[in-house]
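The opening position of the sequence shown corresponds to residue 11 in this note's numbering, with each subsequent residue numbered one higher. Positions of the beta carbon are idealized from the N, C-alpha and C atoms, including for glycine. To start, the structure under review is shown below, and the notes come after it.
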Amino acid sequence: MRRLLIYIIGVALAVTACDIERSDNGDLDGLWQLAAVDTLDGGGTTDMRDSQIVWGVQGSLLETRVASSQDGDEVIVFRFSRVGDELILTAPYISLREQGDIPVEDASLLNRFGITRLEQHFKVLQLSGSHMQLQSDALRLHFHKY
């Protein structure tokens, strides 16, 4: 009986010691390349593949960056939430790993990433393991997953 009790306690400790971080983001998690941007009011489309702009999603953070840049000011990190078919980006910070993070106060710094506001709401039009389309009030963003 004592051996059984020790065995049960040992298994319980082993299971609780393994704290695996989980994400409920499904297909949203991963690295996304911004492939095209449609302007809704003008009807134009811009091919963005050569810009090397990527969005990385994991947990409750979304990171935007220019993949070819080593420059710290090229990385902006957001908190995000997803409710139904809406993706909400909030609290943008310029990520300067060595110096710390600086809150973004000017939304124009976000424009190159397809984001026009400090708190940006997107409607998720399409999300699969390889493609994503997001739409704000002014833009439709097309992404391909790496």
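Residue i (DSSP reduced to helix, strand or coil)
i	result
A117	helix
D48	strand
A95	The sequence as given places Asp at residue 95; Ala does not occur at that position. DSSP places D95 in coil when its eight states are reduced to three.
D60	helix
D37	helix
Rounded distance between the beta-carbons of residue j and residue i, thought under 8 Å
i	j	result
Q68	L99	That pair is no contact at about 14 Å.
G77	Q62	It should be pointed out that residue 77 corresponds to Ala in this sequence rather than to Gly. Correct: roughly 4 Å between the Cβ atoms.
S138	D37	6 Å
F90	L97	6 Å
Residue from the options with nearest C-alpha to residue i
i	options	result
L149	L137, M142, F132, Q136	F132
E108	V85, R127, V114	V85
T49	L128, G124, V134, F153	G124
Residue i: first and last residue of the uninterrupted beta strand (DSSP E) it sits in
i	result
Q145	141-145
L135	130-137
V85	Here V85 belongs to no beta strand (DSSP E), and DSSP marks it neither H nor E.
F153	149-155
Q68	63-68
Neighbourhood of residue i by C-beta distance below 6 Å, restricted to the same chain and skipping five residues each side
i	result
E73	G66, V87
H154	Q43, A45
Y103	V87, D111, P113
T55	A46, D48
D51	none
L15	Low per-residue confidence applies at L15: pLDDT is 43, beneath 50, and the placement is therefore not dependable, though the value from the model is reported in the following sentence. Excluding positions up to five away in sequence, the list is empty.
R59	A45
Close-in-space but distant-in-sequence residues of the same chain around residue i (CB under 7 Å, 5 per side omitted)
i	result
D95	K133, V134
L128	P102, V114, A117
8 Å CB neighbourhood of residue i in its chain, flanking five on each side removed
i	result
Y156	G40, L41, W42, Q43, V64
S33	D39, Q68, G69
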